[in-house]
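Q: Below is a structure I'd like to ask you about.
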Amino acid sequence: MIHKNPLISVIIPSYNYAEYLPDTVRSVLQQTGGNYELIIINDGSTDTTDDVIQALLQETKNSFSYYRQKNIGVSATRNKGIKLAKGDYIYFLDSDDKMLEDALDTFSRSIKKQPSADMLIARYFSVYNDGRKKERCLWSLSYSQEENFKSYLLNVDNSLLCSSILFKKKAFDNYQFPECLRIYEDEPVFAYMLANFNVIKIDKPVALVQKHSNSLRHQVYHGLVEQSVDEIFNPSRIPGNLMSYRSHYLGLKYLDQFRTLYIAGEYEKAWSQYLKALPCNKKAALKVNVIRKAIKSWLKK
């Protein structure tokens, strides 16, 4: 449904997920409540995405806005969505995920209760290829922005995904998704919001998030670890007292790369990442299970 003055703009950046799109789009259009608009941006897909969306437009009598463009990446596509959005709030839904039927109603009621909130974090379900579902984002927020920033970056259990978050559009006035990053592009935005804005937690799931074994987060991109960490710990965007967490976070990112390379059997490269992690975050690098993998990597390199 296209509203002239929507409260919430739902934005779906789409790239080569044609098979999932019908269910994703219908999950938005079948919402039980909420004054919203739906914007779909086809980021240069090479599959049948355009055909699928054209069919959906016809089926739903043009009940959403559709834009096509050359491939520019997910960050730039999300930023374009921010510019196009007419709503006071923005919700990014990945093109292979689905909204639960009362998601927009859940967000709308939370907005009425806490209109000063700039970022509303809800729960979600991870959906695996074997049909399993697991509820995620069960952790709680603190009243301290520093504690929330620290917990998100240093606690591996405190994960965040765009498909379970509602943003106030004005929160993007001074910083948007970093177009220089091919992976980890949402982490600087989440960290920036937690460090600077009023963030609340909604203890109710709003989305089904599809898990893929070939996720970009399980691939290695050399040099992007440092680049993504620098993007987060930019002194012009976060309070100075938060810069002290940079080294520990950098160590955790090196260990992420170490584990990925270890699993792939690239032991020499894995050992190299471990050596980078050790001086940054000794506590994490010296855990027994990590040391065992590191020793094996050293022996096999």
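Numbering that gives the first Met the number 0 applies: residue 0 is where the sequence shown begins, and numbers increase by one. Note that CB positions come from ideal geometry on N, CA and C, so glycine has one too. All of these numbers come straight from a predicted model, not from anything done at the bench.
Return helix, strand or coil for Val-9, following the three-state DSSP convention.
A: Val-9 falls in the strand class under three-state DSSP.
Q: Here's the rule I'm using: 16 or more other beta-carbon atoms within 10 Å means buried, otherwise exposed. How should Met-242 be labelled?
A: Label assigned to Met-242: exposed.
Q: Grouping DSSP H, G and I as helix and E and B as strand, with all else coil, what is Tyr-90?
A: Strand, per DSSP.
Q: With 16 other CB atoms within 10 Å as the buried threshold, where does Pro-278 fall?
A: By the 10 Å Cβ count, Pro-278 comes out exposed.
Q: Which stretch, first to last residue, makes up the alpha helix (DSSP H) that contains Asp-42?
A: Looking at the DSSP string, Asp-42 is not in any alpha helix (DSSP H); the run it does join, the beta strand (DSSP E), is 35-42.
Q: Look at the alpha carbon of Leu-193 and the alpha carbon of His-2, and state the distance between them as a whole number of angstroms.
A: About 30 Å.
Q: Report buried or exposed for Ile-290, applying the criterion of at least 16 other Cβ atoms within 10 angstroms of its Cβ.
A: Ile-290 comes out exposed.
Q: My understanding is that Gly-33 touches Ser-107, with C-beta atoms under 8 Å, so please give their C-beta distance in whole angstroms.
A: With a Cβ gap of about 5 Å, Gly-33 and Ser-107 count as contacting.
Q: Cα separation between Leu-99 and Tyr-123?
A: C-alpha separation (whole angstroms): 9 Å.
Q: Could you check where the alpha helix (DSSP H) with Tyr-248 kicks off and where it finishes?
A: Residues 245-262.
Q: From Ser-74 to Ala-170, what distance separates their C-alpha atoms?
A: Looking at the two C-alpha atoms, the distance is approximately 16 Å.
Q: Does the beta-carbon of Thr-48 have 16 or more other beta-carbons within 10 angstroms, so that it is buried, or is it exposed?
A: Buried, by the Cβ-count rule.
Q: Among Lys-60, Asn-280, Leu-56, His-211, which residue has its Cα nearest to the Cα of Asp-129?
A: Among Lys-60, Asn-280, Leu-56, His-211, the Cα nearest to that of Asp-129 belongs to His-211.
Q: With Ser-125 as the anchor, note down where its beta strand (DSSP E) starts and where it stops.
A: Counting along the chain, the beta strand (DSSP E) containing Ser-125 begins and ends at 118-126.
Q: Between Tyr-142, Phe-189, Leu-55, which lies nearest to Met-118 when the distance is taken from Cα to Cα?
A: Checked all of Tyr-142, Phe-189, Leu-55; the closest Cα to Met-118 is Phe-189.
Q: Within its chain, find whatever has a CB closer than 8 Å to the CB of Tyr-191; leave out the 5 residues flanking it on each side and keep chain order.
A: Once the five neighbours on either side are set aside, the close Cβ partners of Tyr-191 are Tyr-174, Ile-231, Arg-236, Ile-237.
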